[in-house]
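Residue numbers (full-length UniProt numbering): 1 to 604. Backbone N, C-alpha and C define an ideal beta-carbon position, used for all residues, glycine too. The structure appears right after this line, and notes come after that.
Written out as structure tokens, the structure reads:
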């Protein structure tokens, strides 16, 4: 016989047992085929324990047994057995009301459902009926009535005994009573890879489980990363309700000299969640106008309900305001303060990028005669070598890599496709995405000034309005700070006055096809986007195919905005090394540097 001796009777933990004369009268119901690792054994029995060969076992009258020295080998001479006996328990089936709902009570849980042993986690898990949950588990009556059963989890590592409610599917097929008659439990349990569990009840309801604390913590961290739980940026909470008001006619609205926040209504310009006036988050207004306040967004249902005549009038007013804004931009004096606010954030990166541009090498391949070939046309200069037995005496036409340091016959071509959609303006107050993009564009314009013979660039924009808005043409790059500032202001204005929508796929295809038609040493396309693909039903697979379909064009995507972890998940679905996520103002220029240095200097 084996007896458990412990001074701490109420603590659930393994204790060494004393050996007495006699035989074990309990059969082993389950055993692991592989041992627990040494760390798990030390957590169960203490740091001074040597694991060696071991196995995790169960018997009907124990929660778990752990054997050390078994199976025996040349280094083990004795076996040690540690067990946790069940002892006397008061079960919930002793409840006078519940006793009418269940089968006659047995002294210990039936063993028809084989326990699942998890050696890596140091756990023994059983599926039991509700009446075999001890009263000490303090399970509520509702949990007992609504459960298909319970998982009894003996956690040896953490010295805990847990009872986990397995919810019922809420439906019972007509044959379930017949199915349960030959079985002691209506719940079946099995193990999965990675020490996961799966349960199936009598109605066919399948559920997956994780019981190890280590696995639960890892899954929790993955979930937090997925929803952006540990993002250090301020969180934005949206409350949706129907305003009950309709859009009448678009107008700019009155200017509040105090710039006080205005929510709802249709009087003030720069308000949020209202109607008819210029602002953010409302309906029926002519264009966006950010006054720096918290944004209250009306529902998409209300947006869709705006009459077509109001939409048409708003578009016409926005187009007129955009033309006036462009005229104002082109006629305005140079604003050095505004320019410096962007330039100072990328000054160091501009110098680094210029160093990279100085080291660019020619990669364009030329068709010429390749000599020393084993086949092709006979090379007359190799006749003597041929007589001597040399076989590589032929030449053929082919493409050859330029020599190191050879001058470029044609400059490289770069098209930067920037996101100037309405969401860039709308969420700029949330994560400064539009300002980050403008800083990156300025970095490109300043760094590439004077490098026309090595690299020609052009900048196009995409939005709900169109997919090919030209900001900088290849043959007309900005020559001074004023012209560069005009480009930045035009981008900002387009994002403010454009229609809602997305043309990322169209802009990508157009950019790649257009650049490929130009003769160049190499072709590059960089797409800037806020990763707002899901809202417009854009397929990540289709975008991935566009980035890689033309082998002559090196295409990349940089996501500079994201709701939750949208950009991270999208990047994982795109080709490795072709997509980047940038949520930090300082990192976007660095990513552009990485693209230029790793791709332009590669020898592929």
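| Asked | Found |
| --- | --- |
| Nearest to residue 293 by alpha carbon, out of 203, 261 and 464? | 261 |
| By the 10 Å Cβ neighbour count, where 16 or more other Cβ atoms means buried, how is residue 266 classified, buried or exposed? | buried |
| Evaluate the contact criterion for the region 275–285 versus the region 347–354: three or more CB pairs, one atom per stretch, below 8 Å. | no |
| Is it buried or exposed, residue 584, if we count other Cβ atoms within 10 angstroms and call 16 or more buried? | exposed |
| Is DSSP giving residue 548 helix, strand or coil here? | helix |
| May I have a chain-ordered list of the beta strand (DSSP E) segments no shorter than 3 residues that lie completely inside the region 374–448? | 394–400 and 412–419 |
| What are the uninterrupted segments assigned as beta strand (DSSP E) that are 3 or more residues long and contained completely in the region 140–175, given in chain order? | 147–155 and 160–167 |
| Would you call residue 496 buried or exposed, if buried means 16 or more other Cβ atoms sit within 10 Å of its Cβ? | buried |
| Are at least three pairs of beta-carbons, each pair with one atom in the region 409–421 and one in the region 455–473, less than 8 Å apart? | yes |
| Using DSSP with H/G/I as helix, E/B as strand and the rest coil, what is residue 605? | Shown here, the chain extends from 1 to 604; a query on residue 605 therefore has no answer. |
| List the DSSP bridge partners of residue 476. | 473 |
| Do you know whose CA, among 418, 51 and 29, lies nearest residue 506's CA? | 418 |
| Compare the beta carbon distance of residue 43 and residue 122 with 8 Å and say whether it is the shorter of the two. | yes |
| Can you list, in chain order, the residues of its chain whose CB lies under 7 Å from that of residue 164, leaving out five sequence neighbours each side? | 150, 151 and 153 |
| State whether the region 386–397 contacts the region 469–478, with contact taken as three or more CB pairs (one from each stretch) at a distance under 8 Å. | no |
| Determine the closest residue to residue 347 out of 444, 381 and 299, with distance taken between C-alpha atoms. | 444 |
| For the candidate residues 562, 548 and 563, whose alpha-carbon lies nearest to that of residue 556? | 548 |
| Count Cβ pairs between the region 73–82 and the region 38–56 that sit closer than 8 Å; are there 3 or more? | yes |
| Buried or exposed: where does residue 494 fall if 16 or more other Cβ atoms within 10 Å of its Cβ makes it buried? | buried |
| For residue 421 versus residue 498, is the C-beta distance shorter than 8 Å? | yes |
| Can you tell me which of the three DSSP states residue 265 falls into? | coil |
| Look up residue 191 in the DSSP assignment and say whether it is helix, strand or coil. | strand |
| Count the other C-beta atoms from every protein chain shown that fall within 10 angstroms of the C-beta of residue 119, then say buried if there are 16 or more, exposed otherwise. | buried |
| May I have the straight-line CA-CA distance separating residue 86 from residue 28, to the nearest angstrom? | 15 Å |
| Throw me the rounded Cβ distance for the residue 561 and residue 520 pair, which I believe falls under 8 Å. | Not confirmed; about 31 Å, so no contact. |
| For residue 309 and residue 316, what's the separation of their Cα atoms in angstroms? | 11 Å |
| Does DSSP put residue 500 in a helix, a strand or coil? | coil |
| Using DSSP with H/G/I as helix, E/B as strand and the rest coil, what is residue 306? | coil |
| Go to residue 63, then tell me how far its beta strand (DSSP E) extends in each direction, as first and last residue. | 62–68 |
| Which residue marks the beginning of the beta strand (DSSP E) containing residue 83, and which one marks its end? | 80–85 |
| Does the beta carbon of residue 429 come closer than 8 Å to any beta carbon on chain B? | Absent from the structure: chain B. Only one protein chain is present. |
| In three-state terms, what does DSSP make of residue 251? | coil |
| How many angstroms separate the CA atom of residue 328 from the CA atom of residue 300? | 33 Å |
| What number of angstroms, rounded off, separates the C-alpha of residue 535 from the C-alpha of residue 567? | 13 Å |
| Which of helix, strand or coil does DSSP assign to residue 201? | strand |
| Using a threshold of 8 Å, state whether the C-beta atoms of residue 429 and residue 290 are closer than that. | yes |
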